[in-house]
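Okay, structure first, notes after.
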Amino acid sequence: MNLKKYFIRALHRLQKGPGYTYKELLVWYCDNTNTHGPKRIIKEGPKKKLIWFFLTLLFASLVFWQWGILINTYLSYNVTSSLSIGFKTMKFPAVTVCNANPYKYSEAKPLLKELDRLIDAALERILQPSPGNSSENISPPLDLELWYQIPLVLIDEHDKDNPIILDIFETNQTAAGIQSPTDTPASADTPTPVGNESSCSHPGSDNCTYRNFTSAAQAVTEWYILQSTSILSKVPLQERIRMGYQAEDMILACLYGAEPCNYKNFTQIYHPDHGNCYIFNWGMDEEALNSSNPGAEFGLKLILDISQQDYIPYLSSAAGARLMLHQQKSFPFLKDQGIYAMAGTETSIGVLVDELERMGYPYSDCTMNGSDVPVKNLYSEYNTSYSIQACLRSCFQNDMIEICGCGHYMFPLPQGVNYCNNEDYPGWAYCYSSLRSSIRHRQICIDSCKETCNDTQYKMTISMADWPSEASEDWIFHILSYERDMSTNVTLDRNGIIKLNIYFQEYNYRTISESAATTIVWLLSSLGGQFGFWMGGSVLCLIEFGEIIIDSLWITVINIISWCKGLKQRRAQARYPDAPPTVSELVEAHTNLGFQHEATGTLPRDRDREEALPPEPGTPPPNYDSLRVQPLDVLGPDSDAE
């Protein structure tokens with residue numbers, strides 16, 4: 000009860016100044032606030048009161064509208080990009096070099112023998128489609144089972160409404176009207192049949208997909224790559240590494256700055272597209288090398304032998320070396336970011352460095368190390384850092400495994416999964432083609448993968464010249480041939496030799512960094528500026544507004560308490576409609592009762608006076624609560640006078 004009285008007193012003391020009604024509170028606020036406008040509403044005449052009320056309401060609405068725009072702008076977390084230029088000694092990039100041809104034909108020929116015979120016969124029929132050509136008399140006979148797993152067909156589109164499919168190895172070719180292929184169509188004015196690659200869910204199935212090409216050269220190359228993928232996927236990794244180009248045969252000379260180097264300074268990795276690749280300054284086992292000075296004399300100089308005479312004829316139609324500059328401990332994705340160096344040339348590559356610094360969440364959806372990306376990184380087996388290319392390929396491989404039941408040969412495999420091939424998974428080519436052309440799966444992978452927050456990009460300036468010159472090629476080839484295999488005969492030629500110069504053009508580097516376009520300081524200053532411009536207010540005015548809200552809450556609490564007390568009194572009156580006796584009436588009734596006992600001579604004993612007399616039947620019990628002192632009226636203005 001004491002706590003209740005203290006709380007009631009506190010309510011009255013807090014509310015004593017502004018008043019006990021909402022109207023009194025509003026008048027008190029308008030008369031005492033420092034905000035312009037409300038004072039004029041209560042001090043001006045009736046007409047001006049209306050004008051000032053309208054203006055105050057209008058400008059207050061403008062303030063809240065502007066505040067909403069500013070808060071929404073802040074919560075959008077926009078960024079601004081800034082470019083800064085610095086100068087420092089920089090780490091030399093990791094350099095990956097590969098041969099454009101993944102395997103030596105002399106080593107891989109036994110595996111590709113039947114495939115080569117098929118493609119030779121198919122090309123002969125494409126070039127000489129007349130009956131009775133020499134391919135029909137090939138001995139030994141062709142293994143057409145390999146052909147029909149993924150057939151190569153011709154499509155005659157002279158009649159666009161009824162194109163004709165011609166099977167290359169079909170003896171009695173019949174015209175079959177079908178719908179046009181859904182992939183890239185041939186040109187309308189194409190006068191000859193075009194190459195087309197077909198893949199089905201299983202041999203003999205009508206559930207097939209066609210990849211249309213405008214040139215038979217493109218169709219033959221793509222078909223050969225798809226078929227060789229099925230064959231090579233069954234070859235163990237160590238055997239594939241043996242069939243590739245070895246470092247001691249490919250890297251003839253190496254010089255970094257003034258220090259000599261050789262093939263032992265390169266780290267070997269196996270790349271499905273290019274076979275054996277070799278990385279200089281990868282930083283896995285040793286500290287990354289720094290470049291002492293800019294310029295060609297302080298960079299990396301290489302002489303490579305690509306042995307073009309041992310290329311697989313149909314697998315790689317380009318000759319040269321594939322190279323890429325990238326960060327240390329990152330996996331090289333040469334198919335996307337690599338460049339070619341042409342045989343018989345000296346290629347000079349000047350490097351400029353761009354460092355990208357992105358802001359993380361909530362400003363951008365980037366990742367620091369890929370730990371928050373929902374895609375399992377299959378390239379983690381190389382112990383390399385996260386990249387979005389690794390994430391996209393891992394996502395595609397995971398979808399391939401889930402949908403097709405096997406993994407594609409060009410990407411790493413998780414444990415317990417096999418690569419796809421025509422024997423164990425006859426419909427893999429159809430599944431792979433459908434998945435690769437699916438926009439929905441592609442978008443899912445794009446949405447799942449994230450860019451790295453910090454990245455380093457190498458901008459290259461490339462120049463080339465013939466090397467060696469006609470005047471010097473004789474002695475250069477003699478020396479290089481002798482150093483490679485101790486032979487006095489020339490075993491090298493212009494078609495297989497490449498010279499590379501890789502160096503920093505300058506030590507200036509550019510840093511492109513992101514910063515928050517809107518900060519909390521900007522938000523507070525903008526909110527205050529709008530409030531001061533439209534209403535002439537400040538932070539203190541906001542505190543006053545908060546004060547009136549608190550006062551209104553106190554009035555609401557007092558009204559609720561008063562209502563609860565009135566409800567309690569009304570319930571008591573309904574239970575006992577007669578007014579309770581006063582103290583004087585009770586004393587007088589007790590005195591009269593004592594006189595009656597003396598007159599009758601029936602005074603109770605002393606011990607009986609301490610006991611309560613039993614009530615008569617039908618008599619209500621006395622209300623002893625009415626003898627208590629009533630509490631002060633909560634609504635009385637002088638309730639704290641105790």
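Count the sequence shown with numbering that gives the first Met the number 0 and you get residues 0 to 641, in order. Where a beta carbon is used, it is the ideal one built from N, C-alpha and C, also for glycine. Just so it is clear, the structure is predicted and the values come from calculations on it, not from any experiment.
Taking its Cβ as the centre, do 16 or more other Cβ atoms sit within 10 Å of residue i, making it buried, or is it exposed?
| i | result |
| --- | --- |
| C563 | exposed |
| F503 | buried |
| Y277 | buried |
| D473 | exposed |
| N33 | exposed |
| N289 | exposed |
| L299 | buried |
| S329 | buried |
| N71 | exposed |
| K449 | buried |
| F265 | buried |
| S471 | exposed |
| L566 | exposed |
| T451 | buried |
| V556 | exposed |
| G426 | buried |
| D158 | exposed |
| E238 | exposed |
| Q572 | exposed |
| N421 | buried |
Please tell me whether residue i and residue j are closer than 9 Å, where the distance is taken between their beta carbons.
| i | j | result |
| --- | --- | --- |
| D115 | Y313 | yes |
| C253 | Y262 | yes |
| S291 | G256 | yes |
| K46 | R39 | no |
| A99 | A320 | yes |
| F332 | Q388 | yes |
| K103 | L303 | no |
| Q307 | H325 | no |
| S386 | F410 | no |
| E345 | M459 | no |
| I511 | E354 | yes |
| L110 | I496 | no |
| T148 | S229 | For clarity, residue 148 is Gln in the given sequence; the question names Thr instead. Their beta carbons are under 9 Å apart, which means Q148 touches S229 by this criterion. |
| A107 | L231 | yes |
| L322 | T95 | yes |
| E144 | L351 | no |
| T79 | I554 | no |
| Y381 | P92 | no |
| I305 | N275 | no |
| K334 | D272 | yes |
| A707 | S347 | Residue 707 is absent from the model: the chain starts at 0 and stops at 641. |
| G406 | L412 | yes |
How big is the Cα-Cα spacing for residue i and residue j?
| i | j | result |
| --- | --- | --- |
| F532 | V62 | 9 Å |
| I542 | T455 | 50 Å |
| N558 | S81 | 59 Å |
| C419 | D484 | 40 Å |
| L141 | F168 | 10 Å |
| Q267 | P101 | 14 Å |
| E123 | I164 | 18 Å |
| N507 | E156 | 57 Å |
| G85 | Y424 | 55 Å |
| G359 | C365 | 6 Å |
| V538 | G528 | 11 Å |
| T55 | F530 | 12 Å |
| V416 | E356 | 38 Å |
| G194 | L153 | Residue confidence for G194 is low, a pLDDT of 48 falling below 50, so the modelled location carries little weight and cannot support an answer. |
| D30 | P37 | 7 Å |
| R569 | I560 | 14 Å |
| C97 | D309 | 15 Å |
| S83 | N453 | 15 Å |
Say the cut is 8 Å; is the CB of residue i nearer than that to a heavy atom of the ligand NAD?
| i | result |
| --- | --- |
| G528 | The ligand content of the structure shown is nil, which means the ligand NAD is not present either. |
**In chain order, each alpha helix (DSSP H) run of at least 4 residues that lies wholly inside the stretch 73–138** = 104–126
**Prompt:** So does the stretch 426–433 actually touch the stretch 474–484, counting three or more Cβ pairs closer than 8 Å?
**Reply:** no
**beta strand (DSSP E) runs contained entirely in the stretch 338–364, provided each spans 3 or more residues** = 338–340, 344–356
**Request:** May I have a chain-ordered list of the beta strand (DSSP E) segments no shorter than 3 residues that lie completely inside the stretch 247–316?
**Result:** 250–255, 258–260, 265–270, 274–279, 299–304
**Request:** Check whether the stretch 213–233 touches the stretch 102–122, counting contact only when three or more Cβ pairs, one atom from each stretch, lie closer than 8 Å.
**Result:** yes
**Message:** Extract the residue ranges of the beta strand (DSSP E) inside the stretch 393–477, only unbroken runs of 3 or more that lie entirely within it.
**Reply:** 453–465
**the stretch 278–287 contacting the stretch 54–69, beta-carbon criterion three pairs below 8 Å** = no
**Prompt:** Taking one C-beta from the stretch 434–454 and one from the stretch 367–374 each time, how about it: are there three or more such pairs within less than 8 Å?
**Reply:** yes
**Message:** Assess contact between the stretch 71–89 and the stretch 508–528, defined as three or more Cβ pairs (one per stretch) separated by less than 8 Å. Is contact present?
**Reply:** yes
**Prompt:** Can you list, in chain order, the stretches of the alpha helix (DSSP H) that have 4 or more residues and sit fully within the stretch 489–546?
**Reply:** 519–534
**Item:** Completely contained alpha helix (DSSP H) runs for the stretch 13–70, where each covers 4 or more residues
**Value:** 21–31, 37–42
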